[in-house]
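Listed in order, the protein sequences are those of chains Z and D. In terms of our numbering, the first sequence opens at residue 331 and continues consecutively. In terms of our numbering, the second sequence opens at residue 331 and continues consecutively. No residue lacks a Cβ here, since even glycine has one placed at the ideal position from N, Cα and C. All values derive from a computational prediction rather than experimental measurement. Reviewing the structure listed below.
Number of protein chains: 2
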Amino acid sequence: MADVNRCWVLVRRPQGRDFADALELTEGSIPALADGEVLVRNALLSLDAGTRMWMNPREDSYSPPTPLGSPVIGMVLGTVVASRHPDFREGDLARAYGQWSDYSVCQPDVAYAQRLSWRMDDLRQYLAVFGPNGWTAYLGVLEYTQAKPGDTFVVSAASGVTGALAGQIAKLHGCRVVGITGSRAKCSWVVDELGFDAAIDYSTQDVPEALAAACPDGIDVYFDNVGGEILDACMGNMALFGRIGICGLIVNYENDELVPGPYKFDQMLMKRLTMVGFFSPDFYHRGPDVDRRMRPWYDAGQLKMAFDVTEGLEHTLDAYAKLFTSAKVGKSLVQLQELHP
Amino acid sequence: MADVNRCWVLVRRPQGRDFADALELTEGSIPALADGEVLVRNALLSLDAGTRMWMNPREDSYSPPTPLGSPVIGMVLGTVVASRHPDFREGDLARAYGQWSDYSVCQPDVAYAQRLSWRMDDLRQYLAVFGPNGWTAYLGVLEYTQAKPGDTFVVSAASGVTGALAGQIAKLHGCRVVGITGSRAKCSWVVDELGFDAAIDYSTQDVPEALAAACPDGIDVYFDNVGGEILDACMGNMALFGRIGICGLIVNYENDELVPGPYKFDQMLMKRLTMVGFFSPDFYHRGPDVDRRMRPWYDAGQLKMAFDVTEGLEHTLDAYAKLFTSAKVGKSLVQLQELHP
């Protein structure tokens, strides 16, 4: 066990994607545990767009701002190396809210922490199909937006982990699925590899026009991961009684100022739409049940995922910036070490 | 039966509330009926904010624009004076989509038209409690926004017909009810006469601050009749998992240009809100059932209403402008004649 713990600390509020100026990689000793705490040696860091929000000073986001001088918090997967909690033991595989660091101090009684089975063909899937992104996709499609067989289902950030899973689940559920993503290559991936019916490249196509062409009877369900202009384009193409799931508003995360709602907001009334916001910590407790429901699809090869893995804690910021620049496909992870029982 | 039919015709698209420039009162002969049509002598015209939208050229509202040169369409209550439809007979009381005119040509097979019982203590209530506004209030509270006993329920345009009924129904259902309206007198009316728990006067109070004070645990349900800044103020004060019903967006009706959505739109995600748009023609067929459910409350004096009645078809435009200037309380009607069997 290394005796140094490197840790990314927030020292300033970032402007846009300028993370290098806002975060510092500090070195310290391995933290000592208080009663009820667990020390996890991080193997994988899950990079999630929502973390960007906690770096902002705004108080009205779903989590309070990360205080300056504190470690960046995120979901990690790793091995328990010390425990002062009766339910976690050395050698356990754990997924938990930890820190962007070599070691995470986890507090299972205060924040999410879960022991997991070592029996999994690809342990990375605990941060993809069988993790918060997968649960969000599954419940977002089947419960929050009430997608129905035959519906025209549109998803943005379609080549991101949640979008890619939402589209595949909607397709398995009998929807016609159209993905919106940021390059020709990503469009090919979601159509040719994931089986979407169509894809729109927002970097080269007029999105409202392309949506009108791809969804001649309107959009029954829009699963939104981005907000902003793409949300507006979808609102202008909704079918009567359509549903919009607000899963992410990436365009809002980088702004300290308020970003106005969609210009076509009045379509809420004109088309009698339903819009619902959802957020995975609300349903972490349902994870085991959702995992069980997705398992047959996964085992049959029907839920595919790509991973964008960056090696080395020191490269975390470059990997993280890629979440906001459309420069990756699938689930973004930072790998610190190999993971095995 | 008078042999002249006066009729308000849309001759130009109105700017704001300048209805005098946009509508002309024409005179013509009593229309001849085609097969399937019914002639109603209008006794009461229902003035509804939504009609303003059809005067606009925008194609993406819930009804197509009224063509220039056509009569203004609206809900009317009156007596059938001629019929070429087997289900309507001379002397029937009818509520129907008709015209802002002395006589309405109604098409029961094409647009809403309903025979009604003469047994009603106040026939005006067919355009208030026991009409589309009442149904909207009832279903908006109990179904669309899923208000629950104990909820903090906020309604805008609280002294308008739909807002006043929504607030009373929410109160009867066990909610704590806060109304937002535009004068001290209207605040007194909704609190002292209708039994709301509190009221906010947007003409003199800071609405976000007043909401924060009146709803210290946040707003569980916001029943929106107006949109714009009031919607924004409510979105900034929602409780976790709150619901917003979009019943009207008056601020949008007067604009041909797009009005952006709320600046606090990201609260949809931060508070995991649900928002739903609804519109009475979707549930006209449920009217008899909703009437039956509201009847005991009405008979017990628990659903009160005020009427703002303007006499004379020639004064319709002044009465209509009052819908947008906060210059009336309760249901706005134009009376053309006394109504009796």
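At least one CB atom of chain Z sits nearer than 8 Å to the CB of D:G607.
The Cβ of Z:P626 sits no closer than 8 Å to any Cβ of chain D. Neighbours of D:S391 in chain Z, taken as residues whose beta carbon is under 7 Å from its own, are M600 in chain order. Chain order gives the chain D residues near Z:L579 as D596 and L599, where near means a beta carbon separation below 7 Å. Annotation for D:Y427: no alpha helix (DSSP H) segment contains it, though the beta strand (DSSP E) segment containing it runs L423 to Q429. Residue range R506 to T511 is occupied by the beta strand (DSSP E) that includes Z:R506. Here DSSP, grouped into helix, strand and coil, assigns D:S610 to helix. For secondary structure counted as the beta strand (DSSP E) over 3 or more consecutive residues, the stretch 452-489 of chain D holds these complete runs in sequence order: 482-486.
DSSP, read as helix, strand or coil, puts Z:M405 in strand.
D:K661 is a Cβ neighbour of D:D638, given a cutoff of 8 Å. Here the alpha carbon of D:K601 sits roughly 36 Å from the alpha carbon of Z:A412. D:S447 has its alpha-carbon roughly 48 Å from the corresponding atom of Z:H503. Secondary structure at D:L369: strand, using DSSP grouped into helix, strand and coil. The criterion of a C-beta distance shorter than 8 Å is not satisfied by D:D547 and D:G572.
For Z:L570, the three-state secondary structure derived from DSSP is strand.
Between D:D612 and chain Z, the shortest Cβ-Cβ separation is below 8 Å. Under DSSP, the beta-bridge partners assigned to Z:I576 are Z:D554 and Z:G607.
Neighbours of D:P592 in chain Z, taken as residues whose beta carbon is under 8 Å from its own, are P590, G591 and F595 in chain order.
Contact between the stretch 639-658 of chain Z and the stretch 611-621 of chain Z is absent: fewer than three C-beta pairs spanning the two stretches fall below 8 Å. The beta-carbon of D:L603 is placed less than 8 Å from the nearest beta-carbon of chain Z. Residue pairing for D:V341: DSSP places it in no beta bridge.
Here D:S359 is exposed. Its C-beta has fewer than 16 other C-beta atoms within 10 Å. Bounds of the alpha helix (DSSP H) holding Z:S518 are R514 to S518. In this structure the stretch 353-368 of chain Z does not touch the stretch 386-393 of chain Z; the number of beta carbon pairs closer than 8 Å is below three. By the beta-carbon neighbour count (other beta carbons within 10 angstroms, threshold 16), Z:P438 is buried. Just so you know, the alpha carbons of Z:Q455 and D:A529 end up roughly 52 Å apart. About 26 Å separates the Cβ atoms of D:W465 and D:W338, ruling out a contact at the 8 Å cut-off.
If you look at D:Y628, you'll find it in the alpha helix (DSSP H) that goes G617 to D629. Taking the Cα positions, D:G509 is about 34 Å away from Z:W384.
Assignment of Z:D531 by DSSP, reduced to helix, strand and coil, places it in the strand class.
For D:N386, not one C-beta of chain Z is nearer than 8 Å to its own C-beta. Residue environment analysis places D:M450 among the exposed positions, since fewer than 16 neighbouring C-beta atoms fall within 10 angstroms of its C-beta. For Z:E420, the three-state secondary structure derived from DSSP is coil. Using a CB distance cut-off of 8 Å, Z:I510 does not count as an interface residue toward chain D. The Cβ atoms of Z:K501 and Z:V659 lie no closer than 8 Å to each other.
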